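Novice:
In the numbering used here, the protein residues as written are 39 to 520.
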């Protein structure tokens, strides 16, 4: 299976030698093929007829780089008063002459626009403002009966209009191109993508390439002009190589993800089956143990009836037998409940005195305990005994000094098992996992049992290091005599 996946990945990622050119070479070839196969939209001869200042969007706005606000106000007052005023900025001369000509009603011909600057300081070109002035005069005099000569506008004046003026000769052609696109091509960029249309700039002029045309060539070149990741960023283009290796990487990643998901599902299924089989074996053992334990109980009862007739040593053996029988009987009963179908009552609970239970547990290990108050509580005493005994054994085996059990009954039952040693640090625990010792393994198993059982009763296990203190916090039910 591993070799087949490796072979599949190698095959998918193997580069296509047919398109071994670099992205830069592919882009140049893409540009040339589109240029050669597309007609001119605007020739260079047409573009050279117009001042570049008229073809940019900035021509609509006042030129505050060369003129101040006071200069603009001066021109406005000349237009209103129709009189010459003194000005310090010599570059205002053309605008002053223009405003005086308009207010005096003089006709401006092509020669005037060709021999003066093209842009008005307050924005627009002189030709834009002149045609606007003529249009306003026509509207004013439309209904007046007069023989006054009306100025005829020379069509060549339109060459001095700004590109935003609908009467500009190139306005209709360049209307589909944004101001940013026009300025990019005027500044020397060879390409600009406007929507789905690709504009190309060359020595002969500008060309418009439709989407279907340039996309066909891009597919052939195995490149893309849009995307988030760019090998080359040029103008507003994001040029990238669309090679088989990229799509293959996506396919391979998808295959690997599916493969990993299948492995996880299979592993989960096998673990579920394993847990189910273990549970069945435990249920079977618990069930089968009931018969020999019952038989053992009858034997214990026979010895108990004849207890007074036994020797002293035999009586000691009978006491041990009775204790082992009681332990086995409790184990079978509690395991049967634990392995039952009712998850809400997996741990069998009994009502008993906490002090009596602590005496029963601690006396076996010859240790003392402290209890703040003795009351009867409903708890899973059998399983708690297993937890406490595991903690006591760990303290005796791995700790130092005397072992003390402290119990406090408050909102919850708090049981603390303390010795005078230091609990291993997280680093020590991690290293012990790499090379476990027999004693460390026993301690780990004991703590795992405690942690698992405490979680079953919605409790919490806390371990403090200096000195070692294992604290169990368990919710309880208070016994009521009502």
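Glycine residues also receive a C-beta, built at the ideal position from the N, C-alpha and C atoms. Given the structure is predicted, the values throughout are model-derived calculations rather than measurements.
Nearest by alpha-carbon distance to residue 210: which of 453, 445, 352, 79 is it?
Specialist: 79
Novice: What's the gap between the Cα of residue 185 and the Cα of residue 143?
Specialist: Because residue 185 sits at a pLDDT of 41, beneath the cut-off of 50, its placement in the model cannot be relied upon, and the following sentence gives the value as read from the coordinates. So the alpha carbons of these two residues sit roughly 15 Å apart.
Novice: Can you tell me whether residue 426 is buried or exposed, with buried defined as 16 or more other CB within 10 angstroms of its CB?
Specialist: buried
Novice: Which runs of the alpha helix (DSSP H) fall wholly inside the stretch 413-457 and span at least 4 residues, in chain order?
Specialist: Fully enclosed alpha helix (DSSP H) runs of 4 or longer: 419-436.
Novice: Under the three-state reduction of DSSP, which class applies to residue 405: helix, strand or coil?
Specialist: coil
Novice: With burial defined as no fewer than 16 other Cβ atoms inside 10 Å of the residue's Cβ, what is the status of residue 418: buried or exposed?
Specialist: buried
Novice: Using DSSP with H/G/I as helix, E/B as strand and the rest coil, what is residue 540?
Specialist: Because residue 540 is not part of the residues shown, which for the chain are 39 to 520, the question remains open.
Novice: Taking the alpha-carbon positions, what's the residue 366 to residue 339 distance?
Specialist: Cα to Cα, residue 366 sits roughly 15 Å from residue 339.
Novice: Near residue 264, which residues of its chain fall below 7 Å by C-beta distance, leaving aside the five closest residues on each side in sequence?
Specialist: 276
Novice: Report the partner residues of residue 272 according to the DSSP bridge assignment.
Specialist: 275
Novice: Taking residue 122 as part of the beta strand (DSSP E), name the residues at either end of that continuous run.
Specialist: No beta strand (DSSP E) contains residue 122, which DSSP labels as neither H nor E.
Novice: Spatial neighbours of residue 296 within its chain, please: C-beta separation below 6 Å, excluding the five flanking residues on both sides.
Specialist: none
Novice: Given that a residue counts as buried once 16 or more other Cβ atoms are within 10 Å of its Cβ, and exposed if not, what is residue 225?
Specialist: exposed
Novice: Reducing DSSP to helix, strand and coil, say where residue 142 ends up.
Specialist: Looking at residue 142 - three-state DSSP - the assignment turns out to be coil, as it is neither helix nor strand.
Novice: Between the stretch 119-134 and the stretch 157-168, do three or more beta carbon pairs fall short of 8 Å?
Specialist: In this structure the stretch 119-134 touches the stretch 157-168; the number of beta carbon pairs closer than 8 Å is three or more.
Novice: Only counting the same chain, and skipping five residues up and downstream in sequence, which positions put a Cβ closer than 8 Å to that of residue 229?
Specialist: 69, 236, 237, 238, 239, 272, 273, 275
Novice: Using the beta-carbon count (16 or more within 10 Å), is residue 307 buried or exposed?
Specialist: exposed
Novice: Which residues in the same chain as residue 479 place their Cβ atom closer than 8 Å to its Cβ, once the five residues preceding and following it in sequence are excluded?
Specialist: Since pLDDT at residue 479 reaches only 49, below the 50 mark, its modelled position is unreliable, and no value is offered.
Novice: Nearest-angstrom Cα distance between residue 267 and residue 513?
Specialist: Per the coordinates, the alpha-carbon of residue 267 lies some 57 Å from the alpha-carbon of residue 513.
Novice: For residue 252, I'd like the list of residues in its chain whose CB is within less than 7 Å of its CB, leaving aside the five on either flank, ordered along the chain.
Specialist: 72, 236
Novice: Please classify residue 23 as buried or exposed, where buried requires at least 16 other C-beta atoms within 10 Å of its C-beta.
Specialist: Beyond the ends of the chain as shown, which are 39 and 520, falls residue 23; an answer cannot be given.
Novice: How big is the Cα-Cα spacing for residue 216 and residue 302?
Specialist: 54 Å
Novice: Between which residues of its own chain and residue 258 is the CB-CB distance below 8 Å, once the five residues before and five after are set aside?
Specialist: The answer is none, since no qualifying residue turns up.
Novice: I'd like the span of the beta strand (DSSP E) that includes residue 256, first residue to last.
Specialist: In the DSSP assignment, residue 256 falls outside any beta strand (DSSP E) and within the unbroken alpha helix (DSSP H) covering 249-259.
Novice: Throw me the rounded Cβ distance for the residue 489 and residue 499 pair, which I believe falls under 8 Å.
Specialist: 5 Å
Novice: Alpha carbons only, please: which of 152, 420, 118, 149 is nearest the one belonging to residue 141?
Specialist: Comparing Cα positions, the closest option is 118.
Novice: Where does the unbroken alpha helix (DSSP H) through residue 220 begin, and where does it stop?
Specialist: 217-224 is the extent of the alpha helix (DSSP H) around residue 220.
Novice: With distance defined between alpha-carbon atoms, name the residue in 508, 364, 219, 290 nearest to residue 437.
Specialist: 508
Novice: Residues bridged to residue 516 by DSSP?
Specialist: 415
Novice: Assuming residue 502 is part of the alpha helix (DSSP H), what are its boundary residues?
Specialist: Element bounds for residue 502: not the alpha helix (DSSP H) but the beta strand (DSSP E), 498-502.
Novice: Can you tell me where the beta strand (DSSP E) with residue 231 in it begins and where it stops?
Specialist: 229-232
Novice: What is the DSSP secondary structure of residue 315, reduced to helix, strand or coil?
Specialist: Of the three classes helix, strand and coil, the one that applies to residue 315 here is helix, per DSSP.
Novice: Along the chain, where does the alpha helix (DSSP H) that runs through residue 62 open and close?
Specialist: Per DSSP, residue 62 belongs to the alpha helix (DSSP H) from 61-74.
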